[in-house]
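S.K.:
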Amino acid sequence: MKQSTSKGHFYTSLVFRLLVSVLVILLVIFSVGHIIQVELAKKNLYQQRDIQIQTQREKLAQEIQIREKERLRELTEQLHILVQSVKGPLLNNISRIQETSPYIEQEVVKRFQTCFQKNTSQTSFECLKMYSNHFTINAVRIVNHLMIQTSIQLLLARGDILAVEILDWEDKIFAGFTLNHQGEISTIKQKFVRGQYLESISQKVLDDDYLGKVIFYYDNHTLDKIRERAEQEILAFSNYTEQQVNTEIQRITQSRIIEASIFFLVSLLAISFIVLVTIIRPLLLLKRQAEALAQGYFPQKNPTILARHDELGDLAKAFQIMSDSIRQYYYQLQQTNAHLEFKVQERTRELAQKNQELEQLSITDKLTQIYNRVKLEEFFQEQISHSYQTAKPFALMICDLDFFKSINDTYGHQAGDKILIESAHILKNNLRETDLLGRWGGEEFLILCPATDTSHALTLAQGLCQALARHSFTDLKQRVTVSIGVSLFQSQDTQESMLERADQALYRAKAEGRNRVCIAH
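Under the UniProt record's numbering, the very last position in the sequence shown is 521; numbers go up by exactly one each time.
1. Buried or exposed: where does residue 513 fall if 16 or more other Cβ atoms within 10 Å of its Cβ makes it buried?
2. Determine the direct distance from the alpha carbon of residue 393 to that of residue 490, and round the result to whole angstroms.
3. Would you call the CB atoms of residue 467 and residue 519 closer than 7 Å?
4. Please list the segments of the alpha helix (DSSP H) lying wholly inside the UniProt domain "GGDEF" (392 to 521), counting only runs of 4 or more residues, in order along the chain.
5. Does the beta-carbon distance from residue 487 to residue 502 come in below 7 Å?
6. Does the distance from the CB of residue 383 to the CB of residue 448 come in under 7 Å?
7. When the Cα atoms are used, what is the spatial distance from residue 506 to residue 354?
8. Do residue 440 and residue 446 have their CB atoms nearer than 7 Å?
9. Using only alpha-carbon positions, find the residue among 377, 419, 496 and 215 that is nearest to residue 437.
10. Using the Cα positions of residue 380 and residue 389, report the straight-line distance between them to the nearest angstrom.
11. Would you tell me roughly how many angstroms separate the C-alpha atoms of residue 236 and residue 270, rounded to the nearest one?
12. Let me check one thing: in DSSP terms, what residues is residue 202 bridge-paired to?
13. What residue ranges within the stretch 324 to 390 form continuous alpha helix (DSSP H) runs of no fewer than 4 residues, ordered along the chain?
14. Alpha carbon to alpha carbon, what distance is there between residue 272 and residue 327?
15. Could you say which of 20, 35, 87 and 419 lies nearest to residue 400 if we only look at CA atoms?
16. Let's test the definition: count the other Cβ atoms within 10 Å of the Cβ of residue 24 and tell me whether it reaches 16, buried, or not, exposed.
17. So is residue 174 buried or exposed if we call it buried at 16+ other beta carbons inside 10 Å?
18. Quick one: grab the DSSP three-state call for residue 20.
19. Tell me the DSSP secondary structure of residue 168 in three-state form.
20. Flag this pair as yes or no: are the beta carbons of residue 522 and residue 90 separated by less than 7 Å?
21. Select from 396, 474, 423 and 52 the residue whose C-alpha is nearest the C-alpha of residue 495.
22. Taking the C-alpha atoms as reference points, what is the distance between residue 346 and residue 336?
23. When the Cα atoms are used, what is the spatial distance from residue 22 to residue 232?
24. Going along the chain, which residues of its own chain have a beta-carbon closer than 6 Å to the beta-carbon of residue 453, five neighbours each way excluded?
25. Using the Cβ count rule (16 or more neighbours within 10 Å means buried), how would you classify residue 187?
26. Determine the direct distance from the alpha carbon of residue 68 to that of residue 101, and round the result to whole angstroms.
27. In chain order, what residues of the same chain lie with their CB nearer than 7 Å to the CB of residue 83, ignoring the 5 residues before and after it?
28. Below 8 Å on the Cβ atoms is my contact criterion, and I expect residue 509 with residue 485 to pass it. Report the Cβ-Cβ distance as a whole number of Å.
29. Going by alpha carbons, who is nearest to residue 292 out of 349, 320, 217 and 266?
30. Does the beta-carbon of residue 163 have 16 or more other beta-carbons within 10 angstroms, so that it is buried, or is it exposed?
31. Kindly list the residues whose CB is nearer than 6 Å to the CB of residue 96, restricted to its own chain and excluding five residues on each side of it in sequence; keep chain order.
32. Ends of the beta strand (DSSP E) at residue 185?
33. Please report the distance separating the alpha-carbon of residue 516 from that of residue 482.
34. Using beta-carbon positions only, say whether residue 474 and residue 450 come within less than 7 Å of one another.
35. What's the C-alpha gap between residue 76 and residue 252?
36. If contact is defined by three or more beta carbon pairs under 8 Å, each pair taking one atom from either stretch, is the stretch 43 to 57 in contact with the stretch 250 to 268?
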């Protein structure tokens, strides 16, 4: 049964791998197919665009050619009209077109009056005949001049003709007109110099013989505008076709994406189902076992996963080996922890005892086993602060053993140490529980008496003197007495001021005979 189960899992894993491989191959085929399709679409669209652009160019070129022919035909017609207009002046060999005189009427009248003044009628007739011919010729000249000027004004008004030249039979300038910068017609005395971008058209004036030539100078500004507009239209058409190409490529890409999305969605559902059955469920089971192991519970073996011959089966076997090892280590660790916990508790008690001893040593005088000076100063400062806050009195006593130096020199330092020890014991036994006793230095002891006024302090100090004087010290034939100086807390006191007053009171007790109590004022 187990062998068939393992084979089933092996085949399932193999199918999963094959399915993933097929999906990868299909993905590659899809990607390559998409690239090929896009490139073919680009090529086809660009070919169509080039054909359309070429067609548009040919169409615009034909339009420009037609416009050029129409323009040339119009210029030829205008040139022919002007040639017919100048044939008469050239035939009469007029060198300049004369301007009309503002006094022509007066001149005619004057000359005719001269003819009437002749002696005979025959003479008057000949005179009138001569002047009539003369004025007729001038009239013809004026009419020809007006016809030419009117024709040239119409030509120059077109805008594209810049200059008109009329040459005589010797190809010399007969008449010339151009537009100045103000747009007015002006005459030219020399041949017109053609610019770089100007064109010209000419026609000979013939009347059996060569009479001259008429030349038009014009620019291609209008045609240039047409060409520029054509280029702009071609550019706009190119941009439009480029947008069409991009739109078509986007459409192809979107359709391929939709197809790929549907394909991958179906494939993803199939893979998800296989992954759920073959991978996720076993992984979730291993996860729950790992969580149970992390919480201190040892899960049961799962033969289904352990029987698999794939990566998950190897993982389950490794996890089971780890679980068994942790179980063994856990039991060993429990035993070790119990032993270590006992050792730690024992060591903790020892450390607490040592710390207590060290703390006691830090505040206790080593010889007398009462408070040392450091602790006394701490208590002293606390008591002063407390009295400042509560305004309650307290007393300070400095006790000094009488003639201690002489006793120490006579009986030795060991005897002196015994006296200090017994004296501290006596003083401590005769104090209240609230009083604090400590060794201040040498044979001096300091006592702090909270909530103690002058009368109580005096009574307490005298009792200490009497108790010490009654005591019989070991191996000592003489009595030991003590002198005590007392100072009471005042509102402006400090530690130094109270000690100073207590010292002064102690010196006074020494001076008055020792074994007594003096209170500082």
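Beta carbons are placed, not taken as given, at the ideal position from N, Cα and C, and that holds for glycine.
M.R.: By the coordinates alone:
1. Exposed: under 16 other Cβ atoms inside 10 Å.
2. Distance between the alpha carbons of residue 490 and residue 393 is about 8 Å.
3. Taking 7 Å as the Cβ cut-off, residue 467 and residue 519 do not qualify as a contacting pair.
4. Correct list: 404 to 411, 413 to 429, 454 to 470 and 495 to 511.
5. Yes, Cβ-Cβ distance for residue 487 and residue 502 is below 7 Å.
6. Yes, they are a contact pair.
7. Residue 506 and residue 354: Cα-Cα distance of roughly 39 Å.
8. In this structure, residue 446 lies closer than 7 Å to residue 440 by Cβ.
9. The shortest C-alpha separation from residue 437 is found at 377.
10. One alpha carbon belongs to residue 380, the other to residue 389, and they sit about 14 Å apart.
11. The C-alpha of residue 270 is placed about 51 Å away from the C-alpha of residue 236.
12. Per the DSSP secondary-structure output, residue 202 pairs in a beta bridge with 215.
13. Within the stretch 324 to 390, the complete alpha helix (DSSP H) segments at least 4 residues long are 373 to 390, listed from N- to C-terminus.
14. When rounded, the distance between both Cα atoms is 36 Å.
15. Distance check between residue 400 and each of 20, 35, 87 and 419 places 419 closest, using alpha-carbon atoms only.
16. If you draw a 10 Å sphere on the C-beta of residue 24, you find fewer than 16 other C-beta atoms in it, and that means exposed.
17. Counting Cβ neighbours within 10 Å, residue 174 comes out buried, since at least 16 surround it.
18. Judged by DSSP in its simplified three-state form, residue 20 adopts helix.
19. Secondary structure at residue 168: coil, using DSSP grouped into helix, strand and coil.
20. Residue 522 falls outside the range modelled here, since the chain spans only 1 to 521, and no answer is possible.
21. If we check each option's Cα against that of residue 495, 396 comes out closest.
22. For residue 346 and residue 336, the distance between alpha carbons rounds to 15 Å.
23. Taken atom to atom, the span from the alpha-carbon of residue 22 to that of residue 232 is near 53 Å.
24. Hits under 6 Å: 393.
25. Note on residue 187: under 16 other CB atoms within 10 angstroms of its CB, so exposed under the neighbour-count rule.
26. Only weak support exists for where residue 101 lies, its pLDDT of 45 falling under 50; the value from the coordinates is given anyway. Cα to Cα, residue 101 sits roughly 43 Å from residue 68.
27. Cβ within range, chain order: 203, 205 and 214.
28. About 6 Å separates the two Cβ atoms, so the contact holds.
29. Just measuring C-alpha positions, the residue of 349, 320, 217 and 266 sitting nearest residue 292 is 320.
30. Burial of residue 163 is indicated by the presence of at least 16 other C-beta atoms within 10 angstroms of its C-beta.
31. Residue placement at residue 96 is poorly supported in this model, since its pLDDT is 42, which falls under 50; the coordinates still yield a value, given next. Exclusion of the five residues before and after residue 96 leaves no residue of its chain whose Cβ lies closer than 6 Å to its Cβ.
32. In this chain, the beta strand (DSSP E) harbouring residue 185 covers 185 to 187.
33. Their backbone Cα atoms lie some 7 Å apart in a straight line.
34. Result no, Cβ atoms of residue 474 and residue 450 do not sit closer than 7 Å.
35. Whole-angstrom Cα-Cα distance: 57 Å.
36. Contact between the stretch 250 to 268 and the stretch 43 to 57 is not established, with fewer than three Cβ pairs separated by less than 8 Å.
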